[in-house]
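Structure first, commentary second.
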Amino acid sequence: MELYAVGGYSEVGKNMTGLSFNKESVIFDMGFFLPEIINFEEEIVEKGLISRDAMIRKGAIPNDNILDPKTVKAIFTSHCHLDHIGAIPFLAPRYDAPIISSPYTIDVIRRMMVEDGYNLKNPLKPVNLNSNFQINKDIKVELVGVTHSTPHTAILALHTPEGIVIYANDFKFDNHPVVGKTTNTKRLKELGKKGIKALVVESLYADLDQKTPSEKVAREMLKEVLHGTENSEKAIFATTFASHIARLQSILDFGNELRRKVVFVGRSFDKYIVSAEKQKLVNFSKRAMILKYRNEIDGFFRKLNKLRDKYLVICTGGQGEPNSVLSKIVNGQFQFEFKPMDQVIFSNRVIPVELNIENRRRMEEKLKEKRVRIFSNIHVSGHSSREDLRDLINILKPKNLIPTHAGNEKQKAFGELAEEEGYKVGVNVHLLENGKSIRF
Ligand SMILES: [Zn+2]
Ligand SMILES: [Zn+2]
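Put into structure tokens, the structure is as follows:
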């Protein structure tokens, strides 16, 4: 069996791994590198005017030249985050293979393709969590349900006559996920008993000595701000990742408790919410408004000036993105004026790249000029930390460990953790770079 480290082994982003058994292969994830994408003119990317090769040269998507397209039988994605699905329109056409994922993820991919104007030939196949997709008589892939910061995330288990390979990228162990089920640890334990040949696992926070707090903690943090500060007659804005359905649910709940109508502003929320409703995970449309078009957004903001305590606005702008709704407000591109003591709640973390840090700093400066109250880091991560990783290693007891979702530094931290659990870097812990492969 052979593993190809295509992308996500030299950076955080553009995740892609190939696994090959008996001249047949599967691909796990096809993501893009977010900081590189932000540098492109959004429109050019959306209309597909950039070729696969140009995107690879820019470093925006994985270089998949090490895979032989003829051998690839199926492409699986673990969940709907762009660092796992964003390269599909550029890379998938090279493979005569279906794209398989959980129903929510497939629905998001389908909407993304329609919205961005791509005509994808690869069939999209939804497979329920905690069930299998049979590739041929020897190989199948199982989707084990796991908690993360977006619904329907799967740990992928490749079953072959030579053993099982587990791909856990991304995950956390959350006992109170707010939306959706807890991780199927029972199944992970069963798989561990069968014997695992290799575990490919995220190592983003392998150096963080903690168990990642539950989404319930983020919910409590939001409650503290929304129910615990003076906000009557003030405008309230909240930002988070559009795909973070559980977080949106919490903000919506507390907004309603404050007797405010919750309004999602911006096109990016729509596809994630509509997909989540289709999967019966939430029902937001009943209790909130979703505004997509410029004229309805303009009308709403004019009204909000006079009725600022009747609404809670959820919008984009957590990374300080110049195109976001919040940026446009502070730059005077919408007819809404912040007043002193209005509130902006950042229920997300700034992705720590220079561009985002600088954008966000500029945005906060402008908010502070208007004496807006800022609540930062009302957030917990969706990623595993060192102690979640330790638990997963001990549940599965794999023969080989391959850290991913990070460059060398975090992979080394994962290596140290693995050595604490009796493994040895270079022997059964393999620190790979993009473009490398390894044989078990
Ligand atoms: Zn993710
Ligand atoms: Zn990720």
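Residue numbers for the sequence shown follow this note's numbering, so the first one is 5 and each next one is one higher.
Ideal Cβ positions, reconstructed from N, Cα and C, are used throughout, including at glycine.
#### Entry: Contact check, S331 vs I382, beta carbons under 8 Å
Against a cut-off of 8 Å, the Cβ pair of I382 and S331 comes out as no contact.
### Per-residue DSSP class, three states only, for R443
Strand.
### Query
Alpha carbon to alpha carbon, how far is R264 from H83?
Each residue's alpha carbon lies about 32 Å from the other.
### Task
Please report the Cβ distance between S218 and H180, rounded to the nearest whole angstrom; I am assuming they are in contact, meaning their Cβ atoms lie under 8 Å.
Right, the Cβ-Cβ distance comes to about 5 Å (below 8 Å), so this counts as a contact.
### Query
Who are the near neighbours of L371 in its chain, counting only those whose CB is closer than 8 Å to its CB and skipping five residues on each side?
Short of 8 Å from the beta carbon of L371, and not among the five residues preceding or following it, lie these beta carbons of its own chain, in chain order: V334, F342, V348, I378.
### Task
Give every residue of the same chain whose Cβ lies closer than 7 Å to the Cβ of E15, excluding the five residues on either side of it in the sequence, and list them in chain order.
Excluding residues within five positions, the ones whose Cβ falls inside 7 Å are F37, G411.
### Task
Can you tell me which of the three DSSP states A158 falls into?
Strand.
### Task
Determine contact between the segment 62-72 and the segment 157-167, defined as no fewer than three beta-carbon pairs at a distance below 8 Å.
At 8 Å Cβ cutoff, the stretches do not touch.
### Query
What does R377 pair with, by DSSP beta-bridge criteria?
R377 is bridged by DSSP to Q347.
### Query
Taking DSSP as the reference, what is the three-state secondary structure of G411?
Correct three-state label for G411: coil.
### Message
Does N19 pass the burial test, meaning 16 or more other C-beta atoms within 10 Å, or should it be called exposed?
### Response
Buried is the call here.
### Query
Taking the alpha carbon of K27 as the point to measure from, which residue in K77, N67, A58 has its own alpha carbon closest?
Nearest of K77, N67, A58 to K27, Cα basis: K77.
### Query
Does the distance from the C-beta atom of I170 to that of L400 stay below 8 Å?
For I170 and L400, yes; Cβs fall inside 8 Å.
### Query
Sorted by chain position, which residues of the same chain lie with C-beta nearer than 8 Å to V229's C-beta, five sequence neighbours on each side aside?
Same-chain partners within the cutoff: Q347, I349, F379, I382.
### Query
Whose C-alpha, out of G35, Y8, I318, is nearest the C-alpha of F25?
When G35, Y8, I318 are compared, the shortest CA-CA separation from F25 is found for Y8.
### Message
Would I104 and V148 qualify as a contact pair, given that the criterion is a beta-carbon distance under 8 Å?
### Response
The answer is no: Cβ separation not under 8 Å.
### Task
Please go through the segment 244-289 and give each complete alpha helix (DSSP H) segment of 4 or more residues, from N-terminal end onward.
Qualifying alpha helix (DSSP H) stretches, in chain order: 249-261, 271-282.
### Residue closest to L203, alpha-carbon to alpha-carbon, out of V278, G439, Y427, N287
Residue Y427 holds the alpha-carbon nearest to the alpha-carbon of L203 among V278, G439, Y427, N287.
### Task
Kindly examine ligand 2 and report whether one of its heavy atoms sits closer than 7 Å to the Cβ of H231.
Checking the Cβ of H231 against ligand 2 gives no.
#### Entry: Assumed close pair A101, M34 - CB separation to whole angstroms, cut-off 8 Å
About 11 Å; that fails the 8 Å criterion.
### Message
Looking at the secondary structure, which residues open and close the alpha helix (DSSP H) in which L230 lies?
### Response
DSSP places L230 in the uninterrupted alpha helix (DSSP H) bounded by 219-232.
### Message
DSSP three-state label for E47, please.
### Response
Low local confidence applies: a pLDDT of 49 at E47 is under 50, so the model's placement there is unreliable, with the coordinate-based value given in what follows. In this structure, E47 counts as helix in the three-state DSSP scheme.
### Query
Taking 7 Å as the cut-off, does the CB of N19 come closer than this to any heavy atom belonging to ligand 2?
Checking the Cβ of N19 against ligand 2 gives yes.
### Query
Can we count D142 as close to ligand 1, meaning its CB is less than 7 Å from some heavy atom?
Distance from the C-beta of D142 to the nearest heavy atom of ligand 1 is not below 7 Å.
### Task
Would you mind giving the Cβ-Cβ distance between N136 and V145, rounded to the nearest angstrom? I have them listed as a contact below 8 Å.
Contact flag correct, Cβ pair sits at about 7 Å.
### Counted within 10 angstroms of its Cβ, other Cβ atoms place I397 as buried (16 or more) or exposed
It is buried - the Cβ of I397 has at least 16 other Cβ atoms within 10 Å.
### Task
Hey, could you find the ends of the alpha helix (DSSP H) A58 is sitting in?
Taken as a continuous stretch (DSSP letters only), the alpha helix (DSSP H) holding A58 covers 56-62.
### Query
Measuring CB to CB, does V266 end up less than 8 Å from R223?
The answer is no: Cβ separation not under 8 Å.
### Query
Is D111 near K284, with beta carbons less than 8 Å apart?
No, Cβ-Cβ distance for D111 and K284 is not below 8 Å.
### Query
So, H387 versus K215, is the Cβ gap smaller than 8 Å?
Result no, Cβ atoms of H387 and K215 do not sit closer than 8 Å.
### Query
Which residues in the same chain have their Cβ closer than 6 Å to the Cβ of A239, if we skip the five residues on either side of it in sequence?
Excluding sequence neighbours, A239 sits near R312, D346.
### Message
Taking the alpha-carbon of I65 as reference, which of G17, P107, T186, E425 has the nearest alpha-carbon?
### Response
With distances taken between Cα atoms, I65 lies closest to G17.
### Query
So is S207 buried or exposed if we call it buried at 16+ other beta carbons inside 10 Å?
Classification for S207: buried.
### Query
So, A246 versus I255, is the Cβ gap smaller than 8 Å?
No. Outside cutoff.
### Task
Have a look at F273, E391, F268, T109 and flag the residue whose alpha-carbon is nearest the alpha-carbon of Y315.
Of the candidates F273, E391, F268, T109, the one whose C-alpha sits nearest the C-alpha of Y315 is F268.
### Task
Compare the C-beta of R312 with all C-beta atoms of chain B and state if any pair is closer than 8 Å.
Annotation note: the requested chain B is absent from the structure, which comprises a single protein chain.
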